[in-house]
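Engineer: Submitted below is the structure of interest, expressed as structure tokens.
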Amino acid sequence: MGMAATDDQFHVLAVDDSVIDRKLIERLLKTSSFQVTTVDSGSKALEFLGWHGNEINMFSEASISPNNHQEVEVNLVITDYCMPGMTGYDLLRKIKESALLRDIPVVIMSSENVPSRITRCLEEGAEEFFLKPMKLSDVNKLRPHMMRTKLKNDIIENGKPENEEKQENGEEKQENGEIITTGEADSEMQQFQTAQSLQQQTSQNNNNNNDNNKRKSMEEGLSPDRTRPRYSDLTVMSN
Amino acid sequence: MERQAAYLRNALFDQGYLDEQFLQLEDLQDQANPHFVEEVVKLFYTDSVRLIQSIELTLKNTPRDFEKLDKIMHQFKGSTTSIGAKKVKKECTQFQEYCNVGNVEGCIREFQEVKQEHAALKRKLENYFQLAREAR
């Protein structure tokens, strides 16, 4: 089934070696109005993300229009932890080490509740860690992470330098000061409201980054690659 | 027909064959995806064939590779968890415990239980889906 995404829809890349879990996560995500691509391994995920360059590969899970050699925009990666070959943790690391991909929020799923594993993943930059099987209530927690990143990208694409805004931010800082992005549920509403007001004001606020020491400094990592083509340019098939 | 289907379904929960995860599956079923639960269950049974065969083979090889057995069972158990197959899952856990202590007899015996529960649930779910379909 070919689907054309609208600009409103977020695109999630789901990685899991279990065919049943892929079907489940796909349904969960689609029910929440996300566009979904599923792949069965970390290496395929990296290829899909364009990690190896411009080449688009045909996977069993997704087929992409062969005429388009641009990268696909992915707003979030959700991956199983336990996979043969490249684990979810390995995939997380590769994404966070890549200048091209590190902005993409990554979420880990696992069937096992191992505290040290959870800590390790969060320290490596995962936004959240979910125990399988995932529920709809878990999927509802994903949107804020995608919105936050999208907003950041929109601000960067608008081309307003950060320096200018820093002075103006003195006043604004108070009302926006609550943008602490550690993925905690109770700050979601604040983030959302702030995101809305920011869009209206079209002012920049990179404060949402500064307080987060888990996230690498965004300012350094900016590259023109960030302005990837929107998902609507491509037709992606998912089961 | 509808009442029979509902009765069968409730029995599956009451008798411990299914747990809350099955409810999650049902919640994901809607007009756009009217057969979702049945599809997932079918997929489970198709996919589990290779895992069961793999365990059979590995159990036959000596010396027993308990690590491998545990690994395969981990995958299988994951699937049972995903569809809410409570009794099958329980037997899987038991099997893994025998693996952990290297109890060959226990593994072999327990694996029979796994297969039995796996087959029993399949029959029951097939009946249920049949009735549910006829009820529509």
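Chains as they are written, first to last, in our numbering: chain F, 1 to 239; chain V, 1001 to 1136. C-beta: ideal position from N, C-alpha, C; glycine also.
Pull out every residue of the segment 19–40 of chain F whose Cβ sits closer than 9 Å to any Cβ of chain V, in chain order.
Structural biologist: Val19, Ile20, Asp21, Lys23, Leu24, Arg27, Leu28, Lys30, Thr31
Engineer: For Gly1084(V), I'd like the list of residues in its chain whose CB is within less than 8 Å of its CB, leaving aside the five on either flank, ordered along the chain.
Structural biologist: Around Gly1084(V): Leu1018, Asp1019, Glu1020, Gln1021, Phe1022, Leu1023, Gln1024, Leu1025.
Engineer: Would you identify the three-state DSSP class for Val107(F), choosing helix, strand or coil?
Structural biologist: strand
Engineer: Output yes if chain F places a C-beta closer than 7 Å to the C-beta of Leu1012(V); else output no.
Structural biologist: no
Engineer: Where Glu1105(V) and Gln1094(V) are concerned, what is the direct C-alpha to C-alpha distance, given to the nearest angstrom?
Structural biologist: 13 Å
Engineer: Can you pull the chain F neighbours of Gln1075(V), defined as C-beta to C-beta under 9 Å?
Structural biologist: Asp17, Ser18, Cys82
Engineer: Any idea what DSSP makes of Gln35(F), helix, strand or coil?
Structural biologist: strand
Engineer: Give a yes or no on contact between the segment 1059–1066 of chain V and the segment 1040–1051 of chain V, applying the rule of three or more CB pairs nearer than 8 Å.
Structural biologist: no
Engineer: For Ser116(F) and Leu131(F), which I take to be in contact (beta-carbon distance under 8 Å), what is that distance rounded to the nearest angstrom?
Structural biologist: Not quite, the Cβ-Cβ distance comes to about 15 Å (not below 8 Å), so this is no contact.
Engineer: Assign His145(F) to one of two classes, buried (16 or more other C-beta atoms within 10 Å of its C-beta) or exposed (fewer than that).
Structural biologist: buried
Engineer: What number of angstroms, rounded off, separates the C-alpha of Lys44(F) from the C-alpha of Asp1014(V)?
Structural biologist: 42 Å
Engineer: Since Phe1036(V) is in the alpha helix (DSSP H), which residue starts that stretch and which ends it?
Structural biologist: 1036–1060
Engineer: Once you ignore the five residues that flank Gly1016(V) on each side, which residues in its own chain have a CB closer than 7 Å to its CB?
Structural biologist: If the five residues before and after Gly1016(V) are omitted, its C-beta is found closer than 7 Å to the C-beta atoms of Lys1086, Lys1087, all from its own chain and listed in chain order.
Engineer: Under 7 Å Cβ to Cβ from Leu122(F), same chain only, skipping five residues before and after it: list those, please.
Structural biologist: Phe129
Engineer: Is the segment 81–91 of chain F touching the segment 26–37 of chain F, taking contact as three or more C-beta pairs under 8 Å?
Structural biologist: no
Engineer: Does Thr1081(V) come within less than 7 Å of chain F when only Cβ atoms are used?
Structural biologist: Yes - at least one Cβ of chain F is within 7 Å of the one on Thr1081(V).
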